[in-house]
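To start, the structure itself, in structure tokens.
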Amino acid sequence: MAGVQFHGGLDANSSYGPRQQDVPRLPQLFGLQLRLQLLTGLLPRPELSPRLPRWLQLGLLWTARLYSLLVILIALHLGLLFSKTTLDALPTGDLEDITDALTMTVIYFFTAYASIYWCVRSERLQLYLNRINREYRHHSLAGVSYVNCYSAYRWARNFTAIWTSACLAGVTFWGITPLVLGHHALPLHCWYPFDALADHVYPLVYAVQLYGQLIVGATFGYGGLMFVTLSVLLLAQFDVLYCSLKNLDAHARLLSGASLQQLHALQRQLLLDAATCELGEYAMLQEHAAQLQQMTRQRLQHAPSLQHAAHSGLVECVRLHRFILECADELEHLFSPYCLCKSLQITMQLCLLVFVGVSGSREVVRVINQLQYLALTLFELLMFTYCGELLRRHSVRVGDAFWRGAWWQHA
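Using my numbering, read the sequence shown as starting at 1 and increasing by one per residue.
Shown next as structure tokens:
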């Protein structure tokens with residue numbers, strides 16, 4: 001077996017354990033996220049199959065661009081209408097109307113900014129995701145124990161589905177309230193230069209407002225779910241690195257031809273000894289015992305020396321660490337401008353929502369809508385801060401994992 005297969009990096013067929021624990025490598029980690037990005041209108045240049053006819057590729061490309069432009073225009077025009085509503089409400093002195101209109105102004109202008117930002121950054125983001133798909137390590141180094149990245153992928157996929165559903169449910173409830181109650185009214189109370197309740201324009205205006213609400217939910221959800229997904233996958237890569245460092249000595253002995261009895265003794269030591277096991281050692285993945293009998297049968301006939309095997313394993317760990325750090329830097333470059341505006345928007349929105357909740361009317365439907373927006377905003381703030389802090393704290397534990405690897409025995 002070639003060395004890269006033992007490193008578990010780019011080979012889909014390497015197996016360290018039973019199928020239910022050691023799921024094969026996936027070629028695409030971001031399938032659901034990319035589909036949501038396309039449906040939300042944040043992907044003006046989707047990757048198309050080269051097997052499609054040229055005319056069809058051009059048609060799909062222009063359709064995606066026009067759809068992205070439509071999403072941006074809907075968010076911008078609603079932001080402008082609510083700006084006019086806010087200006088009209090200021091002379092009245094009615095704080096409830098002013099804060100309602102100002103809250104929706106902030107929401108829709110940030111939605112327009114987020115849509116433009118992700119459309120502009122879509123190509124760079126696509127390159128970033130392609131690199132992760134191409135270079136991420138599915139397994140840790142072959143040794144007496146291993147971790148597998150599939151559980152992190154499954155967690156991120158489930159979170160994406162749940163968070164997107166929650167965001168869309170919140171804005172949809174607000175949008176369909178007049179229909180459910182049977183009122184001839186619009187879900188968003190904003191200024192129009194014409195009678196928006198007239199029978200000939202009411203269905204169109206209602207449809208635009210309802211779709212605008214869906215755009216808000218999808219756009220708000222996309223930034224958070226992508227940040228959480230990338231953070232979870234980087235945490236999983238740190239777990240792969242830490243398990244690889246922990247197994248450096250075992251990896252070298254496995255490749256250099258150690259006996260099955262020696263490897264079993266080392267396995268018991270690594271998995272059961274308190275000196276090599278730590279509470280909360282891994283952030284996302286679970287460590288499993290490797291099937292040593294199967295792995296010893298896959299060894300090369302001309303085994304490398306112990307020192308050479310240890311050196312090659314350490315080099316692979318250094319390459320993985322560089323890959324993680326480069327991905328973390330790119331994550332920061334992609335999300336720093338977005339998070340700067342996001343923090344300002346969340347701060348203003350929380351202040352306005354809390355003020356409206358305290359001093360506004362106590363209608364049941366209104367209170368439910370305000371609580372939904374407040375809960376989603378608070379949870380979104382927690383997503384960015386908690387995941388970022390977890391990634392920062394977990395990244396500095398590489399030194400502890402390095403000393404568990406007994407590398408000094410082969411220096």
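Beta carbons: idealized from backbone N, C-alpha and C, even for Gly. Keep in mind the model is a prediction, meaning the values are calculated, not measured.
DSSP, reduced to helix, strand and coil, places Y211 within a helical segment of the structure shown. DSSP, read as helix, strand or coil, puts S145 in strand.
Within the region 266-339, not a single complete beta strand (DSSP E) segment reaches 3 residues in length. Under the three-pair Cβ rule at 8 angstroms, the region 240-260 counts as touching the region 139-150.
Remark: C-beta atoms of A310 and W407 approach each other more closely than 9 angstroms. Per DSSP, the continuous alpha helix (DSSP H) segment holding W55 begins and ends at R54 to A89. Here E380 really is in contact with I346; their C-beta atoms are around 7 angstroms apart, less than 8 angstroms. For W155, the enclosing alpha helix (DSSP H) has its first and last residue at Y150 to L181. When the Cα atoms are used, D100 and H138 turn out to be separated by approximately 49 angstroms. C167 and L39 have their C-alpha atoms some 15 angstroms from each other. Closest in alpha carbon position to I116, among Q267, H200, G41 and Q307, is G41.
At least 9 angstroms separates the beta-carbon of G175 from that of L233. Within its own chain, the residues whose Cβ lies closer than 7 angstroms to the Cβ of F323, once the five positions on either side in sequence are excluded, are E135, listed in chain order.
The Cβ neighbour count for P187, taken over all protein chains shown within 10 Å, is at least 16; the residue is labelled buried.
Around the CB of H183, fewer than 16 other CB atoms lie within 10 Å, so the residue is classed as exposed. By the C-beta density criterion, A218 is buried, having at least 16 other C-beta atoms within 10 angstroms. Burial check for G313: the Cβ neighbour count within 10 Å reaches 16 or more, so the residue is buried.
Judged by their CB atoms, C190 and F82 are nearer to each other than the 9 angstroms cut-off.
In terms of Cα proximity to L353, the closest of I107, S231, T172 and A207 is I107. Taking 9 angstroms as the cut-off, the Cβ atoms of L374 and L350 count as close.
At the C-beta level, D239 and A283 come within 9 angstroms of one another. Membership of L125 in the alpha helix (DSSP H) is indicated by the continuous run S122 to E135. Here the C-alpha atom of D94 lies approximately 12 angstroms from the C-alpha atom of L87. In this chain, the alpha helix (DSSP H) harbouring R35 covers G31 to T40. Look at H139 here: in three-state DSSP terms it is strand. If you ignore the 5 residues before and after F30, its C-beta comes within less than 6 angstroms of the C-beta of L129, all in its own chain and listed in chain order.
Around the beta-carbon of Y386, fewer than 16 other beta-carbon atoms lie within 10 Å, marking it exposed.
Burial check for D400: the Cβ neighbour count within 10 Å stays below 16, so the residue is exposed.
With a cutoff of 9 angstroms on beta-carbon distance, P44 and R65 are scored as near each other. Around the beta carbon of W163, a 10 Å sphere encloses 16 or more other beta carbons of the protein chains shown; the residue is thus reported as buried. For G280, the closest alpha carbon among the candidates T177, W155, H394 and L73 is that of H394. Listed in chain order, the alpha helix (DSSP H) elements of length 4 or more contained wholly in the region 380-407 are 398-403. In this structure, DSSP gives H184 a state outside helix and strand, which the three-state scheme calls coil.
Pairing Q21 with H288 gives a Cβ-Cβ distance under 9 angstroms.
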